[in-house]
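Enquirer: In the working numbering, the protein residues as written are 296 to 338. Glycine included, C-beta positions come from ideal geometry on N, C-alpha and C.
1. Grouping DSSP H, G and I as helix and E and B as strand, with all else coil, what is residue 326?
2. Once you ignore the five residues that flank residue 317 on each side, which residues in its own chain have a CB closer than 8 Å to its CB?
3. For residue 324, which residues from the same chain have a beta carbon less than 8 Å from its beta carbon, with the 5 sequence-adjacent residues on both sides left out?
4. Ordered along the chain, which non-local residues of its own chain (more than five positions away) have a Cβ less than 8 Å from that of residue 319?
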C-alpha cells in the first residue's frame, strides 16, 4: 500500500492467472478496526 498523504492511499491486488468472473469485496482494517469496504465485479 502506498500513502500519498495522511488521508489517502492506493493499493493494487492482482492474480497471475486473473480473477474469475464474479462479485468481490475488499475489507480494509486500520489498527485492527474496520476502516472501509469496496465491492467490485469482474466480468
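Expert: On the basis of the coordinates in this document:
1. Residue state, collapsed to three classes: coil.
2. The answer, listed in chain order, is 336 and 337.
3. Taking C-beta separations shorter than 8 Å and ignoring five residues to either side along the sequence, the partners of residue 324 in its chain run 330, following chain order.
4. Counting only Cβ-Cβ distances below 8 Å, and skipping sequence neighbours, we find 334, 335, 336 and 337.
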